[in-house]
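Read through the structure below, which is laid out as structure tokens, and then see the notes.
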Amino acid sequence: MSDGFFHWYRRTWSAGSAERVVEAFEANGIVLTNPSTGVITAISNGPESWGEQIAVERSELFAALELKFADEVNFQLWLDADTDVFTRIRRLDQADMTVVEFGLDGMTADERETVIRAARQAFARDREDTTGLVIDRRGLSEDVDWDGVMTGQDVRLDIHPDFFGVRPEVVARHPQLADAPGRAEPPLVVFSRDLL
């Protein structure tokens with residue numbers, strides 16, 4: 134089992150962005166509708182309740198995912214009737230950035246790789262909008278302030294995920310990354326455990 138995550142930082146976000154993400158997942162067999170119940174579920178994030186499943190229509194979810202009325206929307210994608218991918222779309226307060234987060238908790242290695250493959254395909258569709266990417270299969274770097282790293286703050290990186298990428302201007306300002314061996318994969322400079 135895994136407690137990992139995949140975080141994708143982007144400059145822009147729209148209903149079309151959300152649709153492309155879901156399409157990439159659906160192309161990999163990961164769907165919005167629970168295969169057993171036929172229900173699409175958002176996950177409450179307060180203040181009245183936290184973590185409750187709320188049945189929604191597809192159109193309602195995509196309207197919410199535009200982030201016009203909330204800074205965060207949580208929902209589930211489904212690998213099968215029992216295994217979900219907790220998904221969060223949130224806008225960063227301190228930057229003009231949106232973060233697309235996929236939880237890798239409670240998955241087998243094969244399920245986790247299926248989710249990562251789908252997320253990478255979604256990223257490839259909107260690559261130029263990307264400001265950062267973090268893939269941590271085991272969640273070892275979950276305590277790192279990745280929002281801070283991606284917005285150019287001097288965040289100490291004592292633990293590294295499997296893979297992460299940031300814009301070159303962030304690398305230049307970050308004391309640890311400026312001297313670290315990275316690889317240019319425009320628009321990012323990427324770092325992975327095999328490089329560090």
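Just so you know, my numbering puts 147 at position 14 of the sequence shown, and the rest follows in order with no gaps. Cβ coordinates follow ideal geometry from the N, Cα and C atoms, glycine included. Just so you know, these numbers come straight off a predicted model, no measurement behind them.
Same chain only: Cβ atoms within 6 Å of residue i, ignoring 5 sequence neighbours per side
i	result
asparagine 207	Ile176, Asn178 and Arg221
valine 282	Val288
phenylalanine 219	Gly236
alanine 160	none
methionine 134	With a pLDDT of 48 at methionine 134, under the threshold of 50, the predicted position of this residue should be treated as unreliable, and no value is reported.
threonine 145	Asp262
Candidates the options, of which the one nearest residue i by Cα
i	options	result
threonine 247	Gly281, Gly162 and Ser182	Gly162
proline 180	Ala196, Glu159 and Ala203	Ala203
glycine 239	Thr216, Val277, Ser325 and Leu290	Thr216
arginine 191	Trp279, Asp243 and Gly171	Gly171
alanine 252	Asp243, Arg306, Val233 and Asp280	Val233
aspartate 276	Leu266, Gly265, Thr264 and Leu290	Leu290
Cβ distance (whole Å) where residue i is taken to contact residue j below 8 Å
i	j	result
tryptophan 211	proline 168	6 Å
arginine 143	aspartate 262	5 Å
arginine 224	leucine 200	5 Å
serine 274	isoleucine 292	5 Å
valine 154	alanine 255	5 Å
Simplified DSSP assignment, three categories, for residue i
i	result
threonine 220	strand
aspartate 276	coil
valine 322	strand
aspartate 243	helix
aspartate 262	helix
arginine 271	coil
leucine 210	strand
phenylalanine 333	Because the chain is modelled from 134 through 329, residue 333 falls outside the range shown and cannot be assessed.
valine 155	helix
Distance CB(residue i)-CB(residue j) smaller than 8 Å
i	j	result
arginine 258	proline 320	no
valine 323	glycine 298	yes
phenylalanine 269	phenylalanine 138	Reading off the sequence, residue 269 comes out as aspartate, not phenylalanine. Yes, Cβ-Cβ distance for aspartate 269 and phenylalanine 138 is below 8 Å.
isoleucine 187	threonine 174	yes
Cβ neighbours of residue i in the same chain (closer than 8 Å, five flanking residues each side left out)
i	result
glutamate 185	Ile176 and Ser177
Close beta carbons around residue i, own chain, < 7 Å, minus the five adjacent residues each side
i	result
glutamate 244	Leu212 and Thr216
valine 304	Leu310, Ala311, Gly315 and Val322
tryptophan 183	Ser177
alanine 157	Ala251, Gln254, Ala255 and Arg258
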